[in-house]
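In UniProt numbering, the protein residues as written are 1 to 172.
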């Protein structure tokens, strides 16, 4: 049965283990990942293991050994298949700026749903929304255009938004 507090153990040991890995040439980010993995191993270690008693007696040592082994594994993987860093300008050339056909289809369907929802609105509500959101008029300008108060124009735009939200989320 484990007798230690994982939170206290982390606070007590994680920094020292990570620092030790950095001193051995590992980047701070990689060392942090290794420390996390070591704690995951500690948390998921079988309580029926023969070495479990050693782990219970001195979990700091168990963590150090696990972290060292994980670091060795990472170094081996790096030698076998090194990580290639690609400059952003090279990535920009490789990126296809066109959306996928699935994305285009989904966007067309959403647009059709939004247009349909706008068509369901009363004329004045739809017009207030179009003037405000599509033509960029302020609520005061929408009010003047439709011969309404600014607050009423705002209420119509808000009503249109609520309707569009209901319809597009129901159809999604």
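Cβ coordinates follow ideal geometry from the N, Cα and C atoms, glycine included.
Is the CB-CB distance between residue 125 and residue 147 below 9 Å?
With contacts defined by Cβ atoms closer than 9 Å, residue 125 and residue 147 do not form a contacting pair.
Taking the alpha carbon of residue 59 as the point to measure from, which residue in 69, 74, 68 and 39 has its own alpha carbon closest?
Of 69, 74, 68 and 39, the residue nearest in Cα terms is 39.
Straight-line Cα distance separating residue 111 from residue 164
Roughly 11 Å separates the two Cα atoms.
To test your reading of the DSSP string, which unbroken beta strand (DSSP E) runs of 3 or more residues are found completely within the region 108-162?
If we require 3 residues or more, the region 108-162 turns out to have no beta strand (DSSP E) run fully inside it.
Can you grab the Cα-Cα spacing for the pair residue 71 / residue 114, in whole Å?
Answer to the nearest angstrom: the Cα atoms are 53 Å apart.
Measure the alpha-carbon distance for residue 128 versus residue 169 and round it to whole angstroms.
Rounded to whole angstroms, the separation of the alpha carbons of residue 169 and residue 128 is 22 Å.
Compute the beta-carbon to beta-carbon distance between residue 21 and residue 31, rounded to the nearest angstrom, for a pair I have assumed lies under 8 Å.
4 Å between Cβ atoms; contact.
Please look up how many angstroms separate the CB atoms of residue 35 and residue 14, rounded, as I've assumed it's under 8 Å.
In this structure residue 35 is in contact with residue 14, their Cβ atoms being roughly 5 Å apart against a cut-off of 8 Å.
Rounded straight-line distance, which links the Cα of residue 88 to that of residue 130:
Between residue 130 and residue 88, the C-alpha separation is close to 40 Å.
So which of 26, 152 and 6 has the shortest CA-CA distance to residue 45?
Of all alpha-carbon atoms in 26, 152 and 6, the one lying nearest the alpha-carbon of residue 45 is that of 6.
Ordered along the chain, which non-local residues of its own chain (more than five positions away) have a Cβ less than 7 Å from that of residue 37?
In the same chain as residue 37, and ignoring 5 residues on each side of it, the C-beta atoms closer than 7 Å to its own belong to 70, in chain order.
Residue 174 in three-state terms, based on DSSP:
Beyond the ends of the chain as shown, which are 1 and 172, falls residue 174; an answer cannot be given.
Euclidean distance between Cα positions of residue 85 and residue 76:
Here the alpha carbon of residue 85 sits roughly 18 Å from the alpha carbon of residue 76.
Do residue 132 and residue 139 come within 9 Å of each other at the CB atom, strictly closer than that value?
Their beta carbons are under 9 Å apart, which means residue 139 touches residue 132 by this criterion.
Hey, how far is the Cα of residue 11 from the Cα of residue 92?
Between residue 11 and residue 92, the C-alpha separation is close to 42 Å.
Hey, quick one: how far does the alpha helix (DSSP H) through residue 37 stretch, first residue to last?
The continuous alpha helix (DSSP H) containing residue 37 extends over residues 28-44.
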